[in-house]
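Chemist:
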DNA sequence: CTCTTTCTGTTGTATATACAACCGATTCGT
DNA sequence: ACGAATCGGTTGTATATACAACAGAAAGAG
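Chains as they are written, first to last, in our numbering: chain A, 108 to 326; chain B, 108 to 326.
#1: Need the endpoints of the alpha helix (DSSP H) that residue 157/B sits in, please.
#2: What are the residues of the segment 275 to 297 of chain A that lie near chain B, defined by any Cβ-Cβ distance shorter than 8 Å?
#3: On the criterion of 16 or more Cβ atoms from any shown chain inside 10 Å, does residue 286/B qualify as buried, or is it exposed?
#4: Using 10 angstroms around the beta-carbon of residue 302/A, count the other beta-carbons present and answer buried if the total reaches 16, otherwise exposed.
#5: Mind checking whether residue 184/A and residue 166/A have CB atoms under 9 Å apart?
#6: Determine which residues of the segment 232 to 250 of chain A have a Cβ less than 7 Å from any Cβ of chain B, and write them out in chain order.
#7: Which whole-angstrom value is the C-beta distance of residue 283/B and residue 275/B, which I expect to be below 8 Å?
#8: Would you mind working out which of 265/B, 278/B and 290/B sits nearest residue 178/B, comparing C-alpha positions?
#9: Measure the C-alpha to C-alpha separation of residue 156/B and residue 201/B and round it to an integer number of angstroms.
#10: Can you say whether residue 280/A is buried or exposed, counting buried as having 16 or more other CB atoms within 10 angstroms of its CB?
#11: Identify the contact partners of residue 261/A in chain B, using a Cβ-Cβ distance below 9 Å as the criterion.
#12: Whose CA, out of 199/B, 243/B and 191/B, lies closest to the CA of residue 218/B?
#13: Determine whether the beta carbon atoms of residue 337/B and residue 129/B lie at a separation below 9 Å.
#14: Check each candidate in 113/B, 233/B and 325/B and name the one with the smallest Cα separation from residue 311/B.
#15: May I have the straight-line CA-CA distance separating residue 149/B from residue 297/B, to the nearest angstrom?
#16: DSSP puts residue 120/A in a beta bridge; with which residues?
#17: Could you tell me whether the Cβ of residue 223/B comes closer than 9 Å to any Cβ of chain A?
#18: Any beta carbon from chain A within less than 9 Å of residue 253/B's own beta carbon?
#19: Using only the alpha-carbon positions, how far apart do residue 118/B and residue 124/B sit?
#20: List the residues of chain B whose Cβ lies closer than 9 Å to the Cβ of residue 256/A, in chain order.
#21: Take every Cβ of the segment 208 to 217 of chain B, pair it with every Cβ of the segment 206 to 216 of chain A, and state whether three or more of those distances are shorter than 8 Å.
#22: Find out if the Cβ-Cβ distance for the pair residue 236/B, residue 307/B is shorter than 9 Å.
#23: Give me the subset of the segment 185 to 197 of chain A whose CB atoms are less than 7 Å from a CB atom of chain B, sorted by chain position.
#24: On the criterion of 16 or more Cβ atoms from any shown chain inside 10 Å, does residue 288/B qualify as buried, or is it exposed?
#25: Residue 199/B versus chain A: which residues are under 9 Å apart at the beta carbon?
#26: Classify residue 212/A as helix, strand or coil using the three-state DSSP reduction.
#27: Do residue 221/A and residue 137/A come within 9 Å of each other at the CB atom, strictly closer than that value?
#28: How many whole angstroms separate the CB atoms of residue 248/A and residue 247/B, which I take to be in contact at a CB cut-off of 8 Å?
Right under this line is the structure:
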């Protein structure tokens, strides 16, 4: 697990905590490291989760398939991001979504209870991690509100513009890379792929944007 | 503010804290009480918020109006529920939504920093409140995911079924009261009111449900 | 390198939704 | 009790989206 200390230090959860302290907290928090191959499930809908999940390497999608195989993508998790905060409370019930590795991935699991139940003074930074976790959840919350804002647009075009603008703001550039291919983007925006593809090309023809694969430039 | 102690004790934020302790914490946390008449704005999009908002009386809607007056309702806040957790982090930016009183309402404001920065041992229950807050945010998070699940359905009928089923689960009954009239429900589900009205009546004619005003019974 | 699979864009058709206008019923204020 | 305003349901039309089927391009496997 040692090899991921630099990655962990860059996460929101361990922001402000030094390398040695992170290392000692891995024990203190009962961290477990798992690796997943591309396409493997990290978590499945219906399971119960009492851990905070931190992605150290790779990329995950949070998604859900219904009876007819229609897929809906809730979001994407990049390196350093966390998942599972929504299930931190003791009686939070079963997972509402699958979590799947879209690349080979390395994932840390931390027992929530051991995070929020501050231990003896052995871990100097424990309090800071608790606060970090709180801020992270708070931020996730805002992210979900923004996704709702995007999804609740009436037309495919509006959804695309909202999503891409938001990404541009996050990535602080008019040229952005998105973590989805066309089908995945459609599943994320809850629209039909071919209709979306159509709309994207129309927007390109109107000079609103350019793209190649999952790389977009807003004009 | 004293008169609302019983209400505050029933909130998630103060769960497990006794009446006297709640009272003393009102001072400790720098609580402020405001009242709003039906239709008044409690918070406006673009403002900055550094408080956790607790509704002691009445009912609030979290919503957003775009340039053309199209309204989108993110959610409803009932007595005892909280708002503002998403803006708890120091650099969380401006409010993304308006918060409006749909009835005459009484609202407590608590400075977030004073909640999460545990004070001297004077407040015995401070630690518990911090944990309560964390759980509340976590739960909000799950609520948002469920709303996303609902909104991302493709058809109006699916949205209605998802929303009403979810409410039935929450209210633990097949007969439910929703905090919206037709227009508000449409704004919540991001669909056209008349189309939704149509669909509701069709579903009623098919025997799926019954309703009168904002009271529904699922069959 | 070649074959296979996945990905993306294109087209046409069926369907669902948005939009607008209207009306009766209910609620509200005075 | 009265008029005004709000609310909910209905209808018709225009439009956008879903769905299906296909083809060329790109990526991946052997």
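Built from N, CA and C at the ideal position, the CB exists for glycine as well.
Modeler: Once the coordinates are examined:
#1: Here residue 157/B belongs to no alpha helix (DSSP H), and DSSP marks it neither H nor E.
#2: 297
#3: Buried.
#4: That one is exposed.
#5: A contact, by the Cβ cut-off of 9 Å.
#6: 238, 241, 242, 244, 245, 246, 247, 248 and 249
#7: Between residue 283/B and residue 275/B, the beta carbon gap of about 5 Å places them in contact (Cβ cut-off 8 Å).
#8: Nearest to residue 178/B by C-alpha distance, out of 265/B, 278/B and 290/B, is 290/B.
#9: 7 Å
#10: Exposed, since its Cβ has fewer than 16 Cβ neighbours within 10 Å.
#11: 177, 297, 298 and 299
#12: 191/B
#13: Only positions 108 to 326 of chain B appear in this structure, which leaves residue 337/B out of reach.
#14: 325/B
#15: 23 Å
#16: Paired residues: none, contrary to the question.
#17: yes
#18: yes
#19: 10 Å
#20: 171, 179, 181, 203 and 204
#21: Output reads no: the segment 206 to 216 of chain A does not touch the segment 208 to 217 of chain B.
#22: No, Cβ-Cβ distance for residue 236/B and residue 307/B is not below 9 Å.
#23: 192, 193, 195 and 196
#24: exposed
#25: Residues of chain A whose Cβ lies closer than 9 Å to the Cβ of residue 199/B are, in chain order, 242, 245, 246 and 249.
#26: strand
#27: yes
#28: 6 Å
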